[in-house]
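Numbering (UniProt numbering), first residue to last: 1 to 332.
Accompanying notes for the structure given below.
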């Protein structure tokens, strides 16, 4: 990373405060004259950097508004060991991060390839549903994995992603969200994040060739609100315009840190227990909707294969997989 990029990251992470040239030089182990030259180079690139005697430098505008250009620098600065080798690309507008990353996977892209977008024009959810992904209001991100396990363990990826998002929202935003089985992140009874995992299987061995985990987080409410067809079920972390680059970078980095750490180190037992601890359906009356039946039941447990165990109104137990049902909170 060039010196001016390192200086830029320090200014970007100062959260609107002045940073002295002496402090920057100490952090980067360079002379104050080298810092001054880097500042002038950044100004020539279009950054607006104020200077004040006895205060230092303040980044007040310019190209930092370009999430695609400098978001990757900030995210990389925040990555921990488990995610440090991720190959990250940021785009302004894409059709679908999952679709594009699946194409990359077919062309040989390595595991831990990450695609992040500011907007999706053809965002996708489960069962062929669209996922509303307007610009400047959220994070739309997909991760390519080439895991060494059988296809029947693919649930581990979705569950790990859900836990990663809940953890990240708590740490970065101080907001406690929950998981609606199996892949929705909820806040105050409404969906703020969806997760879609798509996998390609080797039919002879039964193992996964690759999996693409995609997620979309609504950080702030779109101008004019959500479309009428989802306004009753969709929400965001913040009602105001809060999806600035610093917040988006912090959330994206923390999700990646959590996700890769879970995939590499966490046991199925521990993941299942943490996943269950965030559940917003366990112990509640829910409506189960499958291809051939609808009924009310009580959500009793989630097993190690991420299947939901319910008790219907006749007292009979059912074990449900994500592929065969959707679940909605019932009216008591």
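Note that the Cβ used here is the ideal one computed from N, Cα and C, for glycine as well.
None of these values were measured; they are calculated from a predicted model.
query	result
Length of the line joining the Cα atoms of residue 173 and residue 314	42 Å
Inside the stretch 16 to 99 only - alpha helix (DSSP H) runs reaching at least 4 residues	21 to 28, 32 to 44, 67 to 78
Residue 284 (DSSP reduced to helix, strand or coil)	coil
Assigned secondary structure, residue 339 (DSSP; H/G/I helix, E/B strand, else coil)	Past the boundaries of the shown model lies residue 339; the chain is included only from 1 to 332, so the question cannot be answered.
For residue 12, the three-state DSSP class (helix, strand or coil)	helix
Alpha-carbon spacing of residue 114 relative to residue 54, whole angstroms	42 Å
For residue 279, the three-state DSSP class (helix, strand or coil)	strand
Per-residue DSSP class, three states only, for residue 153	helix
Anticipated Cβ contact below 8 Å, residue 364 with residue 108, distance rounded	Here the chain has residues from 1 to 332 only, and residue 364 is not among them.
Residue environment, residue 332, which counts as buried when at least 16 other CB atoms sit within 10 Å	For residue 332, the pLDDT reaches just 39, beneath the cut-off of 50, and the residue's location in the model is therefore unreliable, although a value from the coordinates is still provided. Exposed, by the Cβ-count rule.
Through-space distance from residue 152 to residue 208, alpha-carbon basis	9 Å
Cutoff 6 Å; reference residue 118; Cβ partners in own chain excluding five residues on either side	67, 92, 135
Assigned secondary structure, residue 133 (DSSP; H/G/I helix, E/B strand, else coil)	coil
Coarse secondary structure for residue 207, derived from DSSP in three states	strand
Any 3 or more C-beta pairs closer than 8 Å across the stretch 227 to 243 and the stretch 183 to 191	yes
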